[in-house]
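Below you'll find the structure, written out as structure tokens, and then a few comments.
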Amino acid sequence: MLETDHKTFEAGQFWLPLDNAAKIFPATVTSELTTVLRITAVLKERVRIKALMRAVTLIEKRFPYFQMKLKQGFFWYYLEHTGIHFPVEVDDKKLCRKFPGNGLLLRIPVAENRISVEFSHILTDGKGAFEFLKSIILIYFRECGIPIPAEYSFYRPDEDISEEEFEDAYKHYFKENYPPIVKRSEAFHLPFKLKAKPRFDVTHAGISIKSLKPKAREKGVSITDYLVSVYLYTLQQIYLDFYSSKRLKSRKPIRIQVPVNLRNILPSSTMRNFSLFVMPGIDLRLGHYTFDEIVKMVYHQMRLETDEKLIHKNISRNVGSERKLYVRSIPIWIKSLILRIKYYSLGISQYSGVLTNLGSAKFPAEMEAHIDHFNFIPPPPTTMLKVNCGIIGFGDKLVLSFGNITQSDMLEKRMLEFIESQNVEILYKDLPVS
Amino acid sequence: MKRCKNCGVILEENMNYCPLCGAPASEQAAGNEEDIRIKRRSREDKPLTDFQRLSVWQKRKLFWEISGIILLAGIVVTLIIDYTASQTISWSKYPVMVCLVLFAHTTLISFWHTRFITFSIGSFFANAAFVFILDIFNNQITWSLALGIPLLIAIYVIVVILIFIIKHARKRGLNVIAYSFVAGGLITLFIEGFISLYAKAQLQLEWSPIVMASVLPVAALLLFIHFRLRKVTDLKRFFHI
Chain Y
10 MLETDHKTFE AGQFWLPLDN AAKIFPATVT SELTTVLRIT AVLKERVRIK ALMRAVTLIE
70 KRFPYFQMKL KQGFFWYYLE HTGIHFPVEV DDKKLCRKFP GNGLLLRIPV AENRISVEFS
130 HILTDGKGAF EFLKSIILIY FRECGIPIPA EYSFYRPDED ISEEEFEDAY KHYFKENYPP
190 IVKRSEAFHL PFKLKAKPRF DVTHAGISIK SLKPKAREKG VSITDYLVSV YLYTLQQIYL
250 DFYSSKRLKS RKPIRIQVPV NLRNILPSST MRNFSLFVMP GIDLRLGHYT FDEIVKMVYH
310 QMRLETDEKL IHKNISRNVG SERKLYVRSI PIWIKSLILR IKYYSLGISQ YSGVLTNLGS
370 AKFPAEMEAH IDHFNFIPPP PTTMLKVNCG IIGFGDKLVL SFGNITQSDM LEKRMLEFIE
430 SQNVEILYKD LPVS
Chain B
37 MKRCKNCGVI LEENMNYCPL CGAPASEQAA GNEEDIRIKR RSREDKPLTD FQRLSVWQKR
97 KLFWEISGII LLAGIVVTLI IDYTASQTIS WSKYPVMVCL VLFAHTTLIS FWHTRFITFS
157 IGSFFANAAF VFILDIFNNQ ITWSLALGIP LLIAIYVIVV ILIFIIKHAR KRGLNVIAYS
217 FVAGGLITLF IEGFISLYAK AQLQLEWSPI VMASVLPVAA LLLFIHFRLR KVTDLKRFFH
277 I
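Chains Y and B, in that order, are what the protein sequence lines are. Counting from 10, one number per residue, gives the positions in the first sequence under the working numbering. Counting from 37, one number per residue, gives the positions in the second sequence under the working numbering.
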């Protein structure tokens, strides 16, 4: 492993090309479609601000690759290191709002008993953002007098920074001459009316993991598979309602985009984007599906699509198109236009919703006693997707956060109603952000 | 344990203000903040001179009046000297005209300096009138319409475009010098062009293309340095493909 001298990370000197996944985001960012994700730790006690400020100061030097601003080059955007400190600010503003130009691409909103991080997807994915928040929380608790076990592995402020942490892992796993991927047909999209701007709103629901786990196990699937199935089943219900009322004319497949943390499949310690997605779905042209049928399909599709060879194929397809000389040699302002069109026509039109599960947050037992739960809010959905869902577990609480830009909360309500009907305990729902 | 009433975080006992939101941490601190506000106000209420009390508009008007009085005094004094010396108005009409043009420009600077287009058009007409009147002083209209005013138009158009480009440049540095060089080169082309049209009734360019040819590579080099070589690493960064 290569170790990098801290002196290398000087403002204006250290720079990084955008990783493969991030390349599209600068072209698509708007004040509504901010590509900003948020993770919140809700503590049992109020935040001790002095300890938190110290923790953030300590952690700053450990993550120089997050202390970056976005700059425009001639062919691509790139990230340039800046001396700006990580901003700790009062959490009283709009969620996941766009980062102003020429500033950092992350912020640390804090209020009462909540410590959050908001990251632009240009910088990292949910996993990278969570590891960052985890480091802050660990050091925060240490500053509050709770020791971190010596053997506990996390990003310690005094350790050397490995170059692997800020590498573009997609490029690392790129292989030439992979066959192209067949384009999927357009999927069904929720027919709800959009809200007035600013549209983005979030509702949370807490589910008891103790009561959910046996249900998933009963079907022989993971919690993610189970919730994806619930999502698909609910979308099918909504679809049929609108179809029977003749507000929809043609039958289309329903697909859910489920981001997959590639670090679990391909070894990498990158803290930048390294995720792909799988798209389990059902084709309504083939008829109505029961919940059990959906669970079975989701289970198999998830396993099939996370096959290592197929992941390699997807990475190679994505990186391959970025490496094509004619793509590289187009000036960025033209490239941005094309990327924007491609993003809407090819990317988001293929799926009906997004469900992203960050997994279960784990901390040393002494610290866990002071944490109530976590929230994970994915970046605001597009006007085509309208609603998305972020999931994160802690202790017995699995929190579902629905990002919604429409006037309807039908999807959230029906999903929770279905979960409840399966005798899974809903701890709370429809709470404002907390 | 102290708690911030605004953002709800826990503060240290010795904190007077919340480091997160800046709200005062206690009644005492709130009082202190009031003290600071009163002190600031009392500082602001310090007696001002008559000039300091004037609004920006009044200050501008004062500048215009003073410059007007000085120029008018100059005109009167020049006319009296000329008339007393030669019992007629002869040479004094030239400085009088210069004073009038200067007065027109101080008026424009005082009241329309923020309106770029109005300022430019006003300034052009003042100078064009000056050129035209100077020509009339010779009792016939000769060079002003054929040479003076076309040259003025060319210079004004080039300078206006130059200022517009500089104003809208994202970063100003060597690029300003480069643009000015190009503008200078263009002006020389027009000067020679109009002079040759006026004097020889045909367009014949001799020295000005050489000026332009010398200026262009220098401008290109300056622009290259400005945009590409600001930092040594910028080239690699900016053009990474």
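From the three backbone atoms N, C-alpha and C, an ideal C-beta is built for every residue, glycine too. This structure is a prediction, so every number in the text was calculated from the model and none was measured.
Cross-chain neighbours of G44 of chain B in chain Y, by beta carbon under 7 Å: Taking the second sequence and counting its residues from 1, one reaches residue 44 of chain B at position 8. R55, A120, E121, listed in chain order.
Would you verify that the beta carbon of L188 of chain B is, or is not, closer than 8 Å to some beta carbon of chain Y? As a working mapping, residue 188 of chain B is identified with position 152 in the second sequence. Closer than 8 Å: no.
Hey, out of Y:I435, Y:E98, Y:I232, Y:V211, whose CA is closest to N384 of chain Y's CA? Position 375 of the first sequence, counting from 1, holds the residue named residue 384 of chain Y. Taking only the C-alpha atoms, the option nearest N384 of chain Y is Y:V211.
Between A31 of chain Y and I131 of chain Y, which are expected to be in contact by the criterion C-beta below 8 Å, what is the C-beta distance as a whole number of angstroms? Along the first sequence, one-based indexing puts residue 31 of chain Y at 22. Along the first sequence, one-based indexing puts residue 131 of chain Y at 122. Between I131 of chain Y and A31 of chain Y the Cβ distance is about 5 Å, and since that is below 8 Å, they are a contact.
Just to confirm my understanding: we take F128 of chain Y, look at its own chain, exclude 5 residues before and 5 after, and list those with CB closer than 6 Å. What are they? Numbered from 1 along the first sequence, position 119 holds the residue referred to as residue 128 of chain Y. So the qualifying residues of the chain are L46, L115, A138.
Contact set for I261 of chain B: own chain, Cβ-Cβ below 8 Å, skip 5 residues either direction: Numbered from 1 along the second sequence, position 225 holds the residue referred to as residue 261 of chain B. Once the five neighbours on either side are set aside, the close Cβ partners of I261 of chain B are L210.
Taking its Cβ as the centre, do 16 or more other Cβ atoms sit within 10 Å of Q266 of chain Y, making it buried, or is it exposed? Looking up residue 266 of chain Y in the first sequence gives position 257. Counting Cβ neighbours within 10 Å, Q266 of chain Y comes out buried, since at least 16 surround it.
Where F95 of chain Y falls: helix, strand or coil (DSSP): In the first sequence, counting from the first residue as 1, residue 95 of chain Y sits at position 86. F95 of chain Y: coil per DSSP, three-state reduction.
Indicate whether at least one CB of chain Y lies closer than 8 Å to the CB of H204 of chain B. Here residue 204 of chain B refers to the residue found at position 168 of the second sequence. For H204 of chain B, the answer is no, since every Cβ of chain Y falls outside 8 Å of its Cβ.
Please go through the stretch 380–435 of chain Y and give each complete beta strand (DSSP E) segment of 3 or more residues, from N-terminal end onward. 380–386, 396–403, 406–413
Reduced DSSP category for N366 of chain Y - H, G, I as helix; E, B as strand; rest coil: Taking the first sequence and counting its residues from 1, the one referred to as residue 366 of chain Y is at position 357. Reduced to three states, the DSSP call for N366 of chain Y is strand.
Just to confirm the assignment, what range does the alpha helix (DSSP H) spanning N29 of chain Y have? Within the first sequence, residue 29 of chain Y is the residue found at index 20, counting from 1. It is not in any alpha helix (DSSP H) - N29 of chain Y carries neither H nor E in the DSSP assignment.
Taking 8 Å as the threshold (C-beta atoms), are M62 of chain Y and P55 of chain B in contact? Residue numbering aside, residue 55 of chain B sits at position 19 when the second sequence is read from its first letter. Residue numbering aside, residue 62 of chain Y sits at position 53 when the first sequence is read from its first letter. Going by C-beta atoms, P55 of chain B is nearer than 8 Å to M62 of chain Y.
So, is the C-beta of E49 of chain B closer than 8 Å to a C-beta in chain Y? Along the second sequence, one-based indexing puts residue 49 of chain B at 13. Judged by the 8 Å Cβ criterion, E49 of chain B is not in contact with chain Y.
Three-state secondary structure (DSSP) at D210 of chain Y? Here residue 210 of chain Y corresponds to residue number 201 of the first sequence, with the count starting at 1. Three-state DSSP puts D210 of chain Y in a strand.
Locate the alpha helix (DSSP H) running through L252 of chain B, then write down its first and last residues. As a first step, residue 252 of chain B must be located in the second sequence, where it is residue number 216. It spans 244–264 - the alpha helix (DSSP H) in which L252 of chain B sits, taken as one unbroken run.
Compare the C-beta of R39 of chain B with all C-beta atoms of chain Y and state if any pair is closer than 8 Å. Mapped onto the second sequence, residue 39 of chain B falls at position 3. It does; some Cβ of chain Y falls within 8 Å.
Helix, strand or coil, according to DSSP, for M51 of chain B in the structure here? Translated into the one-based positions of the second sequence, residue 51 of chain B becomes position 15. Three-state DSSP puts M51 of chain B in coil, outside helix and strand.
Local Cβ density within 10 Å of P387 of chain Y, reported as buried at 16 or more and exposed below that: Position 378 of the first sequence, counted from the first residue, corresponds to residue 387 of chain Y. Its Cβ being crowded by 16 or more others within 10 Å, P387 of chain Y is buried.
Can you give me the start and stop residues for the alpha helix (DSSP H) that E172 of chain Y sits inside? Counted from its first residue, the first sequence places residue 172 of chain Y at position 163. Here E172 of chain Y belongs to no alpha helix (DSSP H), and DSSP marks it neither H nor E.
Since F411 of chain Y contacts V396 of chain Y with CB under 8 Å, what's their CB separation in whole angstroms? Stepping through the first sequence from its first residue, residue 411 of chain Y is reached at position 402. Stepping through the first sequence from its first residue, residue 396 of chain Y is reached at position 387. With a Cβ gap of about 6 Å, F411 of chain Y and V396 of chain Y count as contacting.
From K192 of chain Y to K305 of chain Y, what distance separates their C-alpha atoms? What you label residue 192 of chain Y is simply residue 183 of the first sequence in a count that begins at 1. What you label residue 305 of chain Y is simply residue 296 of the first sequence in a count that begins at 1. Straight-line Cα distance between these residues: approximately 24 Å.
Rounded to the nearest angstrom, what separates L367 of chain Y and Y308 of chain Y at their Cα positions? Position 358 of the first sequence, counting from 1, holds the residue named residue 367 of chain Y. Position 299 of the first sequence, counting from 1, holds the residue named residue 308 of chain Y. So the alpha carbons of these two residues sit roughly 18 Å apart.
Partner residues on chain Y for L56 of chain B, Cβ-Cβ distance less than 7 Å: Residue 56 of chain B sits at position 20 when you count from the first residue of the second sequence. Chain Y residues near L56 of chain B: I58, V97, V99, V119.
Whose C-alpha, out of Y:F83, Y:A120, Y:E19, is nearest the C-alpha of Q76 of chain Y? The sequence position of residue 76 of chain Y within the first sequence is 67, counting from 1. Nearest of Y:F83, Y:A120, Y:E19 to Q76 of chain Y, Cα basis: Y:E19.
I'd like to know whether the C-beta of M62 of chain Y is nearer than 8 Å to at least one C-beta of chain A. Considering every chain present, this structure includes no chain A. Its protein chains are Y and B.
Of all the CB atoms in chain B, is at least one closer than 8 Å to the CB of S162 of chain Y? By 1-based counting over the first sequence, the position of residue 162 of chain Y is 153. False, the Cβ-Cβ gap to chain B never drops below 8 Å.
Range covered by the beta strand (DSSP E) that runs through Q266 of chain Y: Looking up residue 266 of chain Y in the first sequence gives position 257. Element bounds for Q266 of chain Y: 262–270.
What residue from Y:R332, Y:K351, Y:E429, Y:K438 has the CA that sits closest to W85 of chain Y's CA? Position 76 of the first sequence, counted from the start, is the residue given in the question as residue 85 of chain Y. Out of Y:R332, Y:K351, Y:E429, Y:K438, Y:R332 has the C-alpha closest to the C-alpha of W85 of chain Y.
Between which residues of its own chain and T43 of chain Y is the CB-CB distance below 7 Å, once the five residues before and five after are set aside? By 1-based counting over the first sequence, the position of residue 43 of chain Y is 34. Cβ neighbours of T43 of chain Y beyond the five flanking positions: C105, R106, K107, P388, P389.
Using a C-beta cutoff of 8 Å, does W342 of chain Y count as contacting chain B? Here the question's residue 342 of chain Y lines up with position 333 in the first sequence. No, W342 of chain Y does not count as interfacial toward chain B.
Measuring CA to CA, which of Y:N29, Y:Q416, Y:K78, Y:V119 is closest to N111 of chain Y? Counting from one through the first sequence, the residue named residue 111 of chain Y turns up at place 102. The shortest Cα separation from N111 of chain Y among Y:N29, Y:Q416, Y:K78, Y:V119 belongs to Y:K78.
Counting only beta-carbon separations shorter than 8 Å, does R349 of chain Y have a partner in chain B? Reading the first sequence from its first residue, position 340 is the one you call residue 349 of chain Y. It does not: the Cβ of R349 of chain Y has no partner Cβ on chain B nearer than 8 Å.
By a C-beta neighbour count over all protein chains shown, 10 Å radius and 16 as the cutoff for buried, is I414 of chain Y buried or exposed? On the first sequence, position 405 is the one that residue 414 of chain Y refers to. I414 of chain Y should be labelled buried.
If you compare alpha carbons, which of B:A249, B:L47, B:M133 is closest to L60 of chain Y? Stepping through the first sequence from its first residue, residue 60 of chain Y is reached at position 51. Rather than Leu, the amino acid found at residue 60 of chain Y in this sequence is Ala. Ranking the options by Cα distance to A60 of chain Y, first place goes to B:L47.
Find the nearest neighbour of Y215 of chain B within the set B:D171, B:L257, B:P245, B:T154, judged by alpha-carbon distance. Reading the second sequence from its first residue, position 179 is the one you call residue 215 of chain B. The shortest Cα separation from Y215 of chain B among B:D171, B:L257, B:P245, B:T154 belongs to B:L257.
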